[in-house]
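**Student:**
In the working numbering, the protein residues as written are 39 to 636.
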């Protein structure tokens, strides 16, 4: 389906949806508006309930119950429950109207009505009901006919006044709401009509500004696709999307025109290049394009002429080189014969050298094996010397431990000496005390004397032990010094043996390296001998090849002589008119193409 048809169909569908929406909105507003069927139905239900049920804010029901109690005091208590219900309903409505915003015109009367109801309930609860509960019928009737009746009449007057004021306020509100509803419906109708007009105008503008130009644009594209490039593209000067598409289509049309012209020029150039390639196939390297190619192909002409010129020069150079090669080949053949005789002498000398190198290699190998054995012996001696050094180090450590133990014993001996000194002092004090005691202390004096002697002997023994420990410590120190000296000497021996082992190992490695190098030299000499023999054979082959190459060079010179190059040009330039379309003037470039024939 065309876009034009789709837009028309879409516009009609939108119009139908808008009309349906306006109708639905109108019906909905008519139903839910103030004063409409739904509002009237809800109002009717409220009025019906107001007519049936006694209003909680009006004291008519509690006054009726009080009247029933007065008329029949015996059944008064059965009305207490209903009084409690009406009282609770009144308190709820009182709280509701205290929190609900009321128009300013009615607020004062609402407050007065609630206050009169509170006054009624105060008389009922504080004076009438206590008399009922006490069974005081006279007081009941007095309160009912007096204060309670006056409170009811006052509250009744406030209620009637509030009803009158409320009806007046409601009539004004209903009139205002009806006016507002009429105004809103009028505005909604005007908006719906404006929306329908805007949709109709939008559809017309889309058709005029988009659909019809796109149809013309599609027709132009069909003509261009069919090859009709002369058709004009409308709307190129517009500054919207249609204008951008028209300008893009003009670019495509111009590109198609340029491509058509380029194809014509390309056919002209291909025809000319065919002539040049035909001349090249005829071995005519003197061919040149002397006229201009169409615009954009001048480089092809220059490249082709330069290539032929370069190829012509190269062919002439190769021909000259081939003659020089023929002369050089004869000289090479003479040199190869001389080289063959020299290779034979060189082969004999290399064979003698190879035998001598084999003998030297065997001798060096023996030296390397002996050096390896000496190196192994030196490694064993080094290991034994290191073990001896470790034993000496352990002995030094043991002597140091003995010296430490001797120092500990010396400390113990000093402790014993101190104990003996203290014991001697105690024995001396005991002897003095025994002398003071007289006869009673004689036995204690004998014991003190024995203890003093024991202390002196302990001190003498400790002194002897100290002397022995000092002597043994001195001897141990000398042993440690000697062991350290022995360890140092063994370390020097190990170091010297290690140095010798390193030197022997270096000699062994050097001998092994020399052996490998001599082996390499031996192999190299053998390889040189083989290469010399091979060179002799190759020289013979070179002699044969040089003779064959000389024959091929002569044949090559004959083949190159078949090409017509610039060096073979003997007369002036000759030109001929190109056949076909190249012999006429190109309608695009305004020039003619000719060729230079030999």
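Where a beta carbon is used, it is the ideal one built from N, C-alpha and C, also for glycine.
1) Could you name the residues of the same chain whose beta carbon sits closer than 8 Å to that of residue 138, not counting the 5 residues immediately before and after it, in chain order?
2) Report yes or no: do the segment 559 to 571 and the segment 388 to 399 share at least 3 C-beta pairs separated by less than 8 Å?
3) Have a look at 370, 402, 508 and flag the residue whose alpha-carbon is nearest the alpha-carbon of residue 451.
4) In the structure shown, what three-state DSSP assignment does residue 331 receive?
5) Keeping to the same chain, check which residues put their C-beta closer than 7 Å to that of residue 437; ignore five residues upstream and five downstream.
6) Count the other C-beta atoms from every protein chain shown that fall within 10 angstroms of the C-beta of residue 567, then say buried if there are 16 or more, exposed otherwise.
7) Sorted by chain position, which residues of the same chain lie with C-beta nearer than 8 Å to residue 506's C-beta, five sequence neighbours on each side aside?
8) Assuming residue 447 and residue 496 make a contact with CB atoms under 8 Å, what is their CB distance in whole Å?
9) Under three-state DSSP, which class holds residue 266?
10) Skipping 5 residues on each side, what residues in its chain have a beta carbon closer than 8 Å to that of residue 342?
11) Between residue 363 and residue 591, which are expected to be in contact by the criterion C-beta below 8 Å, what is the C-beta distance as a whole number of angstroms?
12) Could you say which of 104, 53, 145 lies nearest to residue 168 if we only look at CA atoms?
13) Tell me, please, whether the segment 186 to 198 touches the segment 121 to 134 by the rule of three or more beta-carbon pairs shorter than 8 Å.
14) Rounding to the nearest angstrom, what Cα-Cα distance links residue 88 and residue 224 in this structure?
15) Using the rule of at least 16 other Cβ atoms within 10 Å of the residue's Cβ for burial, across every protein chain shown, is residue 133 buried or exposed?
16) Below 6 Å CB to CB, which residues in the same chain sit around residue 391 once its five sequence neighbours on both sides are set aside?
17) Please confirm whether residue 577 and residue 372 have their CB atoms less than 9 Å apart.
18) At which residues does the alpha helix (DSSP H) containing residue 191 begin and terminate?
19) Between the alpha carbons of residue 172 and residue 112, how many angstroms are there, rounded?
20) Assign residue 291 to one of two classes, buried (16 or more other C-beta atoms within 10 Å of its C-beta) or exposed (fewer than that).
21) What's the call for residue 151, buried or exposed, on a 16-neighbour Cβ count within 10 Å?
22) Give the straight-line distance between the Cα atoms of residue 630 and residue 305, rounded to the nearest whole angstrom.
23) Rounded to whole angstroms, what is the Cα-Cα separation between residue 615 and residue 332?
24) If you reduce the DSSP assignment to three classes, tell me which class residue 309 lands in.
25) Run the CB neighbour count on residue 399, radius 10 Å, all protein chains shown included, and call it buried at 16 or more, exposed below.
26) Is the beta carbon of residue 645 sitting closer than 9 Å to the one on residue 475?
27) What's the gap between the Cα of residue 262 and the Cα of residue 289?
28) Confirm, please, whether the CB-CB distance from residue 107 to residue 178 is below 9 Å.
29) Can you tell me which of the three DSSP states residue 443 falls into?
30) Could you tell me the boundaries of the alpha helix (DSSP H) in which residue 128 lies?
31) Looking at the structure shown, is residue 610 part of a helix, part of a strand, or coil, going by DSSP?
32) Counting only the same chain and skipping the five closest in sequence on each side, list residues whose C-beta sits under 7 Å from that of residue 370.
33) Taking 7 Å as the limit between beta carbons, can you name the residues of its chain near residue 637, skipping five residues before and five after?
34) Any idea if residue 525 is buried or exposed, counting beta-carbon neighbours within 10 angstroms, 16 or more meaning buried?
35) Got a sec, what are the start and stop residues for the alpha helix (DSSP H) residue 162 sits in?
36) Taking the straight line between their C-alpha atoms, what separation do you get for residue 639 and residue 318?
**Tutor:** The relevant details are as follows:
1) Answer for residue 138: no residue qualifies.
2) Because the criterion of three Cβ pairs below 8 Å is met, the segment 559 to 571 and the segment 388 to 399 touch.
3) Each of 370, 402, 508 was checked against the Cα of residue 451, and the nearest Cα belongs to 508.
4) Coil.
5) Within the same chain, residue 437 has close Cβ partners 514, 517, 518, 521.
6) So residue 567 ends up on the buried side.
7) Within the same chain, no Cβ atom closer than 8 Å to the Cβ of residue 506 is found once the five residues on either side in sequence are excluded.
8) Incorrect: roughly 15 Å between the Cβ atoms, too far for contact.
9) Here residue 266 carries a coil assignment [DSSP, helix/strand/coil].
10) The answer, listed in chain order, is 311, 314, 327.
11) At roughly 5 Å, the Cβ-Cβ gap stays under 8 Å, so residue 363 and residue 591 are in contact.
12) For the options 104, 53, 145, the alpha carbon positioned closest to that of residue 168 is the one of 104.
13) Under the 8 Å Cβ criterion, the segment 186 to 198 does not count as touching the segment 121 to 134, having fewer than three qualifying pairs.
14) In this prediction, residue 88 has a pLDDT of 44, which is less than 50 and means its spatial position is unreliable; what the coordinates show is noted afterwards. When rounded, the separation of the alpha-carbon atoms in residue 88 and residue 224 is 35 Å.
15) That one is exposed.
16) So the list reads 563, once near-sequence residues are dropped.
17) No, Cβ-Cβ distance for residue 577 and residue 372 is not below 9 Å.
18) That run of the alpha helix (DSSP H) goes 187 to 244.
19) In a straight line, the C-alpha of residue 172 is about 12 Å away from that of residue 112.
20) Residue burial is scored here from C-beta neighbours: residue 291 has at least 16 other C-beta atoms within 10 angstroms and is therefore classed as buried.
21) Counting of Cβ neighbours within 10 angstroms places residue 151 among the buried residues, the total reaching 16 or more.
22) Below a pLDDT of 50, predicted positions are generally treated as unreliable, and residue 630, at 36, falls in that range; no measurement from the model is reported.
23) With a pLDDT of only 36 at residue 615, under the threshold of 50, the placement of this residue in the model should not be trusted; the figure read from the coordinates follows. Between residue 615 and residue 332, the C-alpha separation is close to 17 Å.
24) The answer is helix: DSSP assigns residue 309 an H, G or I state.
25) Classification for residue 399: buried.
26) The structure shown has nothing for residue 645, since the chain only spans 39 to 636.
27) Their Cα atoms are separated by approximately 12 Å.
28) The beta carbons of residue 178 and residue 107 sit closer together than 9 Å.
29) For residue 443, the three-state secondary structure derived from DSSP is helix.
30) Residue 128 -> alpha helix (DSSP H) spans 118 to 137.
31) Low confidence applies here, because residue 610 scores a pLDDT of 40, under 50, leaving its location unreliable; read the following figure in that light. Here residue 610 carries a coil assignment [DSSP, helix/strand/coil].
32) Closer than 7 Å at the Cβ level, and outside the excluded window around residue 370, lie 584.
33) Outside the displayed span of the chain (39 to 636) sits residue 637, for which this structure offers no information.
34) The residue is buried, with at least 16 neighbouring Cβ atoms inside 10 Å.
35) Careful: residue 162 lies outside any alpha helix (DSSP H) and carries neither H nor E.
36) Nothing can be reported for residue 639: it is not among the residues displayed for the chain, which extend from 39 to 636.
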